[in-house]
Amino acid sequence: MRESRSRLVRSAELTASVDYAYAARANGPLVLTAGACPLDEHGATVCVDDPAGQARQCVRNLAVTLREAETDLDHVVRCTVYVATRDRERLRTAWSAVRDEFGSHDPPATLLGVSLLGYDDQLVEVDAMATLP
Numbered sequence: 021m022r023e024s025r026s027r028l029v030r031s032a033e034l035t036a037s038v039d040y041a042y043a044a045r046a047n048g049p050l051v052l053t054a055g056a057c058p059l060d061e062h063g064a065t066v067c068v069d070d071p072a073g074q075a076r077q078c079v080r081n082l083a084v085t086l087r088e089a090e091t092d093l094d095h096v097v098r099c100t101v102y103v104a105t106r107d108r109e110r111l112r113t114a115w116s117a118v119r120d121e122f123g124s125h126d127p128p129a130t131l132l133g134v135s136l137l138g139y140d141d142q143l144v145e146v147d148a149m150a151t152l153p
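In the working numbering, the protein residues as written are 21 to 153.
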């Protein structure tokens with residue numbers, strides 16, 4: 021079994037009421053992605069007005085990018101999730117879908133509500149940093 025190139029950091033000094041790692045220590049080369057968007061193979065935005073569906077598509081597209089960069093979702097050490105909304109429930113919906121796509125791997129992440137994203141009907145975008153396996 022290969023040694024992991026990252027270690028998730030949880031803190032005993034900060035609140036335990038959050039269910040995420042506060043940091044990740046990465047050892048070795050990093051892969052930094054552009055934002056993964058909820059686009060299909062033809063460049064059309066999918067799941068219009070569905071933040072969960074768009075979040076799932078973003079992570080699936082991110083997984084393709086990472087695979088082509090010779091890594092995968094399990095090696096992500098940080099991600100940022102952008103959601104075009106001022107509605108906290110839509111933020112949570114997108115966040116939940118992203119976490120579901122990552123499975124048991126729970127890298128440190130930032131969730132942001134933003135006013136607008138680049139593509140027509142786009143609600144969600146996800147970027148990431150990963151280590152190589």
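Where is the CB? At the ideal position from N, CA and C, for every residue including glycine.
Quick caveat, the model's predicted, so the values are computed rather than measured.
DSSP assignment within the region 50 to 138 yields the following whole alpha helix (DSSP H) runs of 4 residues or more, N-terminal first: 71 to 88, 108 to 122. The three-state reading of DSSP puts A43 in strand, counting E and B together. Around the CB of A64, fewer than 16 other CB atoms lie within 10 Å, so the residue is classed as exposed. Under the three-state reduction of DSSP output, A148 falls in the strand class.
Residue burial annotation: P127 is buried, with at least 16 other C-beta atoms found within 10 angstroms of its C-beta.
For R27, the enclosing beta strand (DSSP E) covers residues 26 to 29. V118 is classed as buried because its beta carbon has at least 16 other beta carbons within 10 Å across all chains shown. Ranking L143, P49, E90, S135 by CA distance to the CA of W115 puts L143 first.
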